[in-house]
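Going by the UniProt record's numbering, the first residue of the sequence shown is number 1, and it counts up by one from there.
Where is the CB? At the ideal position from N, CA and C, for every residue including glycine.
These numbers were taken from a predicted model, which means no experiment stands behind them.
Written below as structure tokens is the structure these notes are about.
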Amino acid sequence: MTIAVCPGSYDPVTAGHLDVIERSARFFDEVHVVVAVNAAKTPMFSEATRVDVIRRALDKDGCTNITVASTDGLITDYCRQVGASVIVKGLRQNGDYEAELGMALVNRKLAGIETLFLPADPILEHISSSIVKDVARHGGDVTGMVPDCVVPMLAEALAEERTRKD
1 MTIAVCPGSY DPVTAGHLDV IERSARFFDE VHVVVAVNAA KTPMFSEATR
51 VDVIRRALDK DGCTNITVAS TDGLITDYCR QVGASVIVKG LRQNGDYEAE
101 LGMALVNRKL AGIETLFLPA DPILEHISSS IVKDVARHGG DVTGMVPDCV
151 VPMLAEALAE ERTRKD
């Protein structure tokens, strides 16, 4: 059985993330989507919320060989725990390769885990969590960039963010 891990912050999960996850599920027996918790970052959504949203989005799409979890440790440690032999990362055109290559080499050195780079769907390659949040912050419509349930969640989180600043 081949197990893959798709790690990310998923803050929030985007249509591009879901595309890479769903495509990965066609190649591997089991895929673990792992919300990586980084203590150095302040996410818009809690770890539990991010896990829940991803689960709901994937359940809606009928994916049965995908597990959604989180970790605040090394992704390589998570891979060892579940017996994963590969990490899958989606790549867009905007320099993702350079950033991801260093992590891939470190993961291979730490645990012998290989990284598979999956090119983004050209229709979705411009979408990132940062862009989604920026568009939403400025009143733009992010429908289609994120799962439908995320649109009102973003609006609520941004309203709370504005209240804290005032």
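Are there 16 or more other CB atoms within 10 angstroms of the CB of residue i, so buried, or fewer, so exposed?
i           : result
R50         : buried
residue 170 : As displayed, the chain neither begins before 1 nor continues past 166, which places residue 170 out of reach and without an answer.
L105        : exposed
K133        : buried
K60         : exposed
H126        : exposed
M44         : buried
G62         : exposed
G139        : exposed
N107        : buried
K165        : exposed
Do you know offhand how far residue i's Cα is from residue j's?
i    : j    : result
A111 : V150 : 35 Å
G8   : V33  : 8 Å
A99  : S129 : 16 Å
E47  : L154 : 15 Å
L158 : M145 : 17 Å
D72  : A40  : 11 Å
T42  : R26  : 33 Å
I87  : L74  : 12 Å
R56  : N38  : 23 Å
G95  : L101 : 10 Å
D52  : K109 : 32 Å
Between which two residues does the alpha helix (DSSP H) containing residue i stretch?
i    : result
V151 : 150-165
So, with DSSP's three-state summary, where would you put residue i?
i    : result
V146 : strand
Residue ranges of each alpha helix (DSSP H) run of no fewer than 4 residues wholly in the UniProt domain "Cytidyltransferase-like" (5-133), ordered along the chain? Correct list: 15-27, 47-60, 75-82, 96-111.
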